[in-house]
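The numbering used here numbers the first residue of the sequence shown as 41 and each following residue consecutively.
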Amino acid sequence: MTKKISPTLDNLKDYFPSDFTEEQKAKAQTLFLKHLSATAHHHYKGKIQTLPKAPVPAFNWFNVWYTPGVSKVSTSIRDDNDVSFEMSNRGNLVAVVSDSTRVLGDGDVTPPGGLGVMEGKAFLMKYLGGVDSVPLCIDSKNKNGEPDPDKIIDFVKMAQHSFGAVNLEDISQPNCYKVLDTLREECDIPVWHDDAQGTACVTLAGLINALKLVKKKISETKIVLFGAGASNTTIARLLITDGADPKNLILFDSKGSLHKDREDIKADKRFYRKWELCETTNPNKISTMEEAMKDADALISLSKPGPDVIKPEWISLMGDQSIVFTCANPVPEIYPYEAKKAGAHIVATGRGDFPNQVNNSIGFPGILKGALMVRATGITDTMAIAAAHALADYAEKRGINPENIVPTMDEASVFPEEATAVAMQAIKDGVARKKLTHEQAFEISRHDIQEARNATKMLSEQGFIEQPPQHLIDEAFQKAVQEVSK
């Protein structure tokens with residue numbers, strides 16, 4: 041390698057050998073990011089820490105922050121539990137809870153195996169949303185070694201009094217449905233499943249703007265959803281709530297398409313969310329992807345990591361100006377260049393190193409901030425839809441095109457807009473315990489997000505957070521090139 045890769049990791053493909061094909065470059069890019077992630081996590085020993093938010097002007101202040109002074113805090117909260125949101129960090133604190141049974145495309149990685157992802161959620165929540173959070177990876181297995189949803193439910197119900205909201209993550213289906221629906225009913229704070237509601241929110245935002253570009257109405261759009269797990273079943277629900285005609289939706293799981301004759305789904309009560317969609321979508325009982333994709337306007341795939349999961353010949357069957365979202369992580373079901381070659385007009389993935397990252401990373405920080413600001417008791421579907429429209433509107437105002445349909449994580453000003461939209465919808469839906477004006481909500485979220493960014497910047501500039509060593513970047517890149525070159 042003749043030149044050093046920029047620490048910003050921009051334009052990575054410019055550094056690959058000139059004789060690499062597009063497929064080789066895509067594979068090498070994925071391998072590079074994995075190798076660099078592993079070495080960087082070793083180097084920094086994770087990516088979050090706890091720091092005080094109150095000063096220590098002198099020794100006697102320990103008696104204020106701890107005993108004997110703190111006794112007054114305990115008794116005040118005892119007499120009115122809601123005071124805990126004001127006298128502790130609870131009002132801006134989220135529990136990121138996972139049993140690590142379905143982490144990215146890697147499946148069950150054991151409870152501590154999920155820490156990398158859960159710390160990542162906490163990292164993004166603070167930097168993008170100004171929200172503090174704690175990763176909690178728990179063992180949900182019963183004596184037979186099977187994940188038990190009731191263990192997750194009991195854990196969250198016991199822990200909820202320390203947090204302002206709960207973000208569920210990477211829980212395998214069908215357990216994820218029961219866990220979310222039960223906790224939404226039985227907890228006094230918002231319980232949010234980011235793989236489901238978060239992904240659905242951002243996917244809806246991307247589809248809203250993609251349809252604007254191709255001048256199609258959601259009510260008339262034929263949509264194929266490949267995969268029928270927590271993400272796509274919730275995406276289907278939000279699409280229908282926001283105006284899509286369920287008759288124009290066709291979903292596929294690992295056994296085929298969803299429709300009223302799927303007795304296997306009907307018989308398994310754990311999959312009640314899938315059965316709801318069997319009853320309302322695909323009335324013609326189309327059974328093959330080839331038939332479903334004929335003249336389809338949009339494909340939304342959240343199934344298993346690719347490539348070669350979505351076939352180019354399927355995409356070639358789609359209608360004019362087709363929209364293809366292949367959002368499996370860490371590798372999309374088909375690489376964007378292949379989808380474009382097959383005829384797709386707009387292509388999105390879940391990754392930030394390709395155009396159009398449709399990923400919940402631009403959703404959950406703002407959504408949870410909005411819910412926390414008004415001390416919401418839950419997060420409704422209409423709150424998620426309000427966030428989706430806020431994201432879409434923000435992108436449209438600054439300009440959209442087929443390679444840029446949604447905001448990115450580095451557009452800091454989108455998150456206060458999103459948080460404010462969610463807070464206002466929570467008030468409208470009657471789930472807010474605290475009333476704020478639009479201006480108040482916007483200013484609180486803007487201030488907290490900017491403060492988090494400024495604190496990180498200051499720690500970096502003063503050397504408390506070290507910049508990534510160049511040798512880590514170079515070594516990871518060389519490993520990736522060598523592996524692809526074999």
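Glycine included, every Cβ here is placed at the ideal spot set by N, Cα and C.
Since the model is a prediction, treat every value here as computed from it, not as a measurement.
Contact between residue 354 and residue 330 is confirmed by a C-beta separation of about 7 Å, below the 8 Å threshold. Using a Cβ distance threshold of 8 Å, residue 315 and residue 326 do not count as a contacting pair.
Residue 292 and residue 483 have their C-alpha atoms roughly 43 Å apart. About 6 Å separates the beta carbon of residue 340 from that of residue 263, a gap short enough to meet the 8 Å contact definition. For residue 308, DSSP records no beta bridge to any residue.
Within 10 angstroms of the beta-carbon of residue 130 lie 16 or more other beta-carbons, which makes it buried.
A contact is defined here as three or more CB-CB pairs under 8 Å, and the stretch 403-419 meets this definition with respect to the stretch 229-242. The Cβ neighbour count for residue 92, taken over all protein chains shown within 10 Å, is under 16; the residue is labelled exposed. Between residue 458 and residue 242, the alpha-carbon positions lie close to 11 Å from each other. Around the C-beta of residue 198, fewer than 16 other C-beta atoms lie within 10 Å, and the residue is accordingly described as exposed. DSSP places residue 365 in no alpha helix (DSSP H) but in the uninterrupted beta strand (DSSP E) bounded by 363-366. Per DSSP, the beta bridge partners of residue 397 are 389. In the three-state reduction of the DSSP assignment, residue 444 falls in the strand class, which pools E and B. Less than 8 Å separates the beta-carbon of residue 278 from that of residue 424. Take residue 381, set aside five residues on each side of it, and the residues of its chain with a beta-carbon closer than 8 Å to its own are 352, in chain order.
Judged by pairs of C-beta atoms under 8 Å, the stretch 138-157 touches the stretch 362-370, as three or more such pairs exist. Taking the Cα positions, residue 138 is about 40 Å away from residue 359.
The stretch 119-135 makes contact with the stretch 170-186: 3 or more CB pairs, one atom from each, lie closer than 8 Å. With a cutoff of 8 Å on beta-carbon distance, residue 324 and residue 298 are scored as not near each other. Nearest C-alpha to residue 126 among 499, 485, 415, 442: 415.
Ranked by how close their Cα comes to the Cα of residue 274, the residues 103, 522, 226, 420 have 420 in first place.
Counting along the chain, residue 514 sits inside the alpha helix (DSSP H) bounded by residues 510-525. Distance check between residue 338 and each of 384, 319, 45, 440 places 384 closest, using alpha-carbon atoms only.
When 310, 44, 64 are compared, the shortest CA-CA separation from residue 188 is found for 310. At a Cβ-Cβ threshold of 8 Å, residue 417 and residue 228 count as neighbours. For residue 289, DSSP records a beta bridge to 263. DSSP places residue 456 inside the alpha helix (DSSP H), whose first and last residues are 454-469.
By the C-beta criterion, the stretch 244-264 is judged not to be in contact with the stretch 180-196, since fewer than 3 inter-stretch pairs fall below 8 Å. In the structure shown, residue 180 adopts coil according to DSSP, grouped into three states. If you look at residue 135, you'll find it in the beta strand (DSSP E) that goes 133-138. The DSSP-derived three-state label of residue 95 is coil. Between residue 317 and the set 268, 430, 506, 164, the nearest pair of CA atoms involves 268.
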